[in-house]
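Each protein sequence line maps, in turn, to chains A and B.
Positions in the first sequence are counted from 1; adding 170 to them yields the numbering used here.
Positions in the second sequence are counted from 1; adding 376 to them yields the numbering used here.
Backbone N, C-alpha and C define an ideal beta-carbon position, used for all residues, glycine too.
Model, not experiment: these values are computed from the prediction.
One structure below.
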Amino acid sequence: MSPRTAAWLYPAATIVVILVAWELAARAGYFPRYILPSPSGIAARFAQMHALIFKESLFTLQETLLGFGLSVLIGIPLGMLLVSSHTFNRAVYPLLVASQVVPKIAIAPLFLVWFGFGMVSNVLITFLMAFFPIVIAAVVGLQATEIEKLYVARAAGASNFQLFWLVRLPNALPSIFGGMKVSITLAVVGALVGEFVAAEHGVGRLILSASGNMDTELLFAGIFALVVIGVVLFLVMEGLEKLALPWHISQRPFKELT
Amino acid sequence: MEIADVSKEYMTGDGPLRALDKASLQVRDGEFVSIVGPSGCGKSTLMLITAGLVAPSSGSVRVGGAQVRAPYGDVGIVFQDATLYEWRRVLENVLLPVDIKKLPREKFRQRALELLELVGLQGFERKYPFELSGGMRQRVALCRALVHDPSLLLMDEPFGALDALSREQMNLELQSIWQGHRKTVLFITHSITEAVFLSDRVVVMSPRPARIGAILDINLPRPRSFDFAETPEFGRYAREIRGMFESWGVLRSGQKR
């Protein structure tokens with residue numbers, strides 16, 4: 171078996187085994203349907219409600235992407251500032267780290283008071299959840315430039331801007347992409363937190379109301395939609411990374427030691 | 377190029393550390409000068425000062441009549457580690473100084489390709505650094521240092537990380553490139569053989585105090601081969617330098633301790 175085939179065959183087999191066991195357990199009749207619906211029942215409910223699920227998924231996806239986009243737009247420049255100004259670093263970095271200890275779910279109701287129901291609050295909560303890994307990744311990546319690489323450029327007359335643009339930033343990209351991959355999965359969680367606290371739309375809303383109605387099949391269908399969103403976004407990030415960093419060690423085939 | 381009374385002190389936890397003490401050296405245009413000395417004798421510091429990358433604590437460096445106060449761009453630099461940019465392909469790495477100086481890439485492309493061919497890397501232009509061996513990477517670094525035709529070439533133990541055979545090969549290639557281009561070269565090395573083999577003059581540095589101990593003229597015909605390194609004339613220079621290191625306690629003979 172080729173390693174490529176094995177890469178999807180093994181997890182697929184695991185999933186099939188779990189689904190079969192689950193289906194059998196659900197059909198055995200020990201649990202009521204609202205406690206443990208069968209996979210086939212969930213699939214049927216998903217098919218039945220697919221239009222609504224799709225609509226709510228788009229809403230959640232929109233929040234996720236806006237929150238993530240904001241994280242990138244603010245996180246990377248913030249990382250640059252932290253690296254380039256010692257004063258700014260000393261003044262802000264400890265607070266930034268401390269701010270991450272505040273449970274973000276507790277902030278959500280506050281945002282609600284400040285920004286009201288709707289998109290703005292949810293996007294900001296998503297941002298709050300997702301931007302920190304990007305900042306850290308940018309700081310680590312930008313600081314990791316070897317001095318000799320900078321010397322070579324400086325000796326040829328490079329300006330500070332050129333040092334940044336031609337050396338530091340490309341050197342930091344692998345790290346920044348690592349941060350963005352963590353961030354995109356957190357962004358989905360952030361969007362969901364916002365929807366749980368207050369929203370009229372989104373998969374989070376759908377899940378809450380399904381829970382209230384004891385419609386456990388729809389609840390599972392919503393969770394499934396979230397999984398799809400998360401996986402698709404992660405794969406898109408990996409694809410972008412491959413395009414941007416064809417030279418990086420992470421893009422080379424994994425070498426097994428014998 | 378003229379280095380006059382250059383000293384450098386670094387502040388450390390235990391007070392100032394004198395990394396270089398009153399170094400003076402004049403290098404003629406087109407001359408190949410090696411600096412040989414033990415680790416920590418300040419030879420790398422001297423090179424960085426020459427490029428304007430590090431400011432001396434006192435003394436001055438003049439290149440082409442002008443005093444060096446900042447990086448001036450008319451140098452090519454090669455370090456022990458090739459320091460290629462992993463995200464640039466070979467040709468783009470060579471063209472780095474061209475990009476920095478905002479010179480037309482089209483015009484310098486041809487020169488970059490010629491340099492790569494000169495070091496036997498034709499056909500590798502589109503490779504990434506990770507696809508090259510250590511010797512090949514160092515060749516790319518050499519091309520990068522030469523592409524903008526600088527008047528001064530600075531090399532800090534450029535072949536120190538290569539295996540012995542690659543190193544001899546690179547010495548031969550550097551010699552022929554130098555004979556073709558006649559750049560002024562400041563070449564820093566640990567290797568006495570390498571220094572004598574390549575140079576018009578060898579600057580021998582002593583440790584603690586880190587200063588220039590002696591300057592030797594190497595009056596040997598070129599091109600030199602490694603067979604030539606076995607001859608008595610060559611050996612005499614190498615022994616003389618080794619003798620200085622012994623007298624400073626850098627080298628000790630195995631028998632008496």
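Buried versus exposed call for residue i [16 or more other C-beta atoms within 10 Å across all chains shown]
{"i": "R633 of chain B", "result": "With a pLDDT of 45 at R633 of chain B, under the threshold of 50, the modelled position of this residue cannot be trusted; read the value that follows with caution. The residue is exposed, with fewer than 16 neighbouring Cβ atoms inside 10 Å."}
{"i": "V397 of chain A", "result": "exposed"}
{"i": "N341 of chain A", "result": "buried"}
{"i": "S241 of chain A", "result": "buried"}
{"i": "L265 of chain A", "result": "exposed"}
{"i": "K225 of chain A", "result": "exposed"}
{"i": "A540 of chain B", "result": "exposed"}
{"i": "A191 of chain A", "result": "exposed"}
{"i": "I212 of chain A", "result": "buried"}
{"i": "K559 of chain B", "result": "buried"}
{"i": "V337 of chain A", "result": "buried"}
{"i": "D385 of chain A", "result": "buried"}
{"i": "D593 of chain B", "result": "exposed"}
{"i": "R543 of chain B", "result": "buried"}
{"i": "S227 of chain A", "result": "buried"}
Cutoff 8 Å: residue i Cβ touching any chain A Cβ
{"i": "H524 of chain B", "result": "yes"}
{"i": "T459 of chain B", "result": "yes"}
{"i": "K477 of chain B", "result": "yes"}
{"i": "R618 of chain B", "result": "no"}
{"i": "W463 of chain B", "result": "yes"}
{"i": "A488 of chain B", "result": "no"}
{"i": "F500 of chain B", "result": "no"}
{"i": "P608 of chain B", "result": "no"}
{"i": "L429 of chain B", "result": "yes"}
{"i": "R633 of chain B", "result": "Model confidence at R633 of chain B stands at a pLDDT of 45, short of 50, so the residue's coordinates are unreliable; what they give is reported in the following sentence. Judged by the 8 Å Cβ criterion, R633 of chain B is not in contact with chain A."}
{"i": "F455 of chain B", "result": "yes"}
{"i": "P447 of chain B", "result": "yes"}
{"i": "G472 of chain B", "result": "Note that residue 472 of chain B is Leu in the sequence shown, not Gly. L472 of chain B counts as touching chain A."}
{"i": "V382 of chain B", "result": "no"}
{"i": "F484 of chain B", "result": "no"}
{"i": "F535 of chain B", "result": "no"}
Residue-level contact to chain B via CB, residue i, 8 Å cutoff
{"i": "R425 of chain A", "result": "Position check: residue 425 of chain A holds Lys in this sequence, whereas Arg was assumed. Not closer than 8 Å to any Cβ of chain B, the Cβ of K425 of chain A fails to qualify, so no."}
{"i": "K274 of chain A", "result": "no"}
{"i": "E411 of chain A", "result": "no"}
{"i": "V322 of chain A", "result": "yes"}
{"i": "L312 of chain A", "result": "no"}
{"i": "Q332 of chain A", "result": "yes"}
{"i": "P207 of chain A", "result": "no"}
{"i": "P340 of chain A", "result": "yes"}
{"i": "G349 of chain A", "result": "no"}
{"i": "K225 of chain A", "result": "no"}
{"i": "W417 of chain A", "result": "yes"}
{"i": "A326 of chain A", "result": "yes"}
Rounded separation between residue i and residue j - CA only
{"i": "R587 of chain B", "j": "V454 of chain B", "result": "23 Å"}
{"i": "S436 of chain B", "j": "A268 of chain A", "result": "48 Å"}
{"i": "Q516 of chain A", "j": "L530 of chain B", "result": "The first residue shown for chain A is 171 and the last is 428, placing residue 516 of chain A beyond what the model contains."}
{"i": "L470 of chain B", "j": "V272 of chain A", "result": "For the record, residue 470 of chain B in the displayed sequence is Val; it is not Leu. About 49 Å."}
{"i": "Q313 of chain A", "j": "L472 of chain B", "result": "21 Å"}
{"i": "E387 of chain A", "j": "F229 of chain A", "result": "21 Å"}
{"i": "A207 of chain A", "j": "A182 of chain A", "result": "This sequence places Pro at residue 207 of chain A; Ala is not what is there. Approximately 21 Å between the Cα atoms of the pair."}
{"i": "L396 of chain B", "j": "I617 of chain B", "result": "20 Å"}
{"i": "V382 of chain B", "j": "R438 of chain B", "result": "11 Å"}
{"i": "P416 of chain A", "j": "M299 of chain A", "result": "29 Å"}
{"i": "A323 of chain A", "j": "A458 of chain B", "result": "13 Å"}
{"i": "R577 of chain B", "j": "G245 of chain A", "result": "53 Å"}
{"i": "L489 of chain B", "j": "R515 of chain B", "result": "13 Å"}
{"i": "F563 of chain B", "j": "T426 of chain B", "result": "12 Å"}
{"i": "F302 of chain A", "j": "K319 of chain A", "result": "28 Å"}
{"i": "R600 of chain B", "j": "W335 of chain A", "result": "43 Å"}
{"i": "A325 of chain A", "j": "P534 of chain B", "result": "16 Å"}
{"i": "F621 of chain B", "j": "F573 of chain B", "result": "18 Å"}
Worksheet item: Does the segment 298-308 of chain A come within contact of the segment 352-365 of chain A, defined as at least 3 CB pairs closer than 8 Å?
Response: yes
Fill in: Segment contact, 8 Å Cβ cut-off, at least three pairs: the segment 359-370 of chain A with the segment 292-300 of chain A
Because the criterion of three Cβ pairs below 8 Å is met, the segment 359-370 of chain A and the segment 292-300 of chain A touch.
Worksheet item: Are there three or more Cβ pairs, one per stretch, closer than 8 Å when the segment 406-413 of chain B is compared with the segment 552-563 of chain B?
Response: yes
Worksheet item: Residue ranges of each alpha helix (DSSP H) run of no fewer than 4 residues wholly in the segment 356-395 of chain A, ordered along the chain?
Response: 373-382
Worksheet entry | the segment 248-263 of chain A touching the segment 391-405 of chain A, judged by at least three CB pairs closer than 8 Å | no
Practice prompt. For the segment 571-591 of chain B, enumerate the residues whose C-beta is nearer than 7 Å to any C-beta of chain E, in chain order.
Written response: Checking the listed chains, one finds no chain E in this structure; the protein chains it contains are A and B.
Worksheet entry | Sufficient close CB pairs (3 or more, under 8 Å) joining the segment 481-492 of chain B to the segment 377-391 of chain B | no
Fill in: Any alpha helix (DSSP H) of 4 or more consecutive residues that is wholly inside the segment 544-605 of chain B
568-574
Worksheet item: Considering only residues of the segment 438-484 of chain B, which uninterrupted alpha helix (DSSP H) runs meet the minimum length of 4 residues and lie entirely inside it, listed in chain order?
Response: 466-470, 472-476
Discussion item. Whether or not the segment 519-538 of chain B and the segment 448-466 of chain B are in contact is what I'm after, with contact meaning three or more pairs of Cβ atoms, one per stretch, closer than 8 Å; do they touch?
Written reply: Taking 8 Å as the limit for Cβ pairs, the verdict is that the segment 519-538 of chain B does touch the segment 448-466 of chain B.
Item to complete: Could you pull out every unbroken alpha helix (DSSP H) segment of at least 4 residues lying fully inside the segment 235-285 of chain A, listed in chain order?
Response: 256-269, 274-285
Worksheet item: Which residue spans inside the segment 506-549 of chain B form an unbroken alpha helix (DSSP H) run of at least 4?
Response: 510-522
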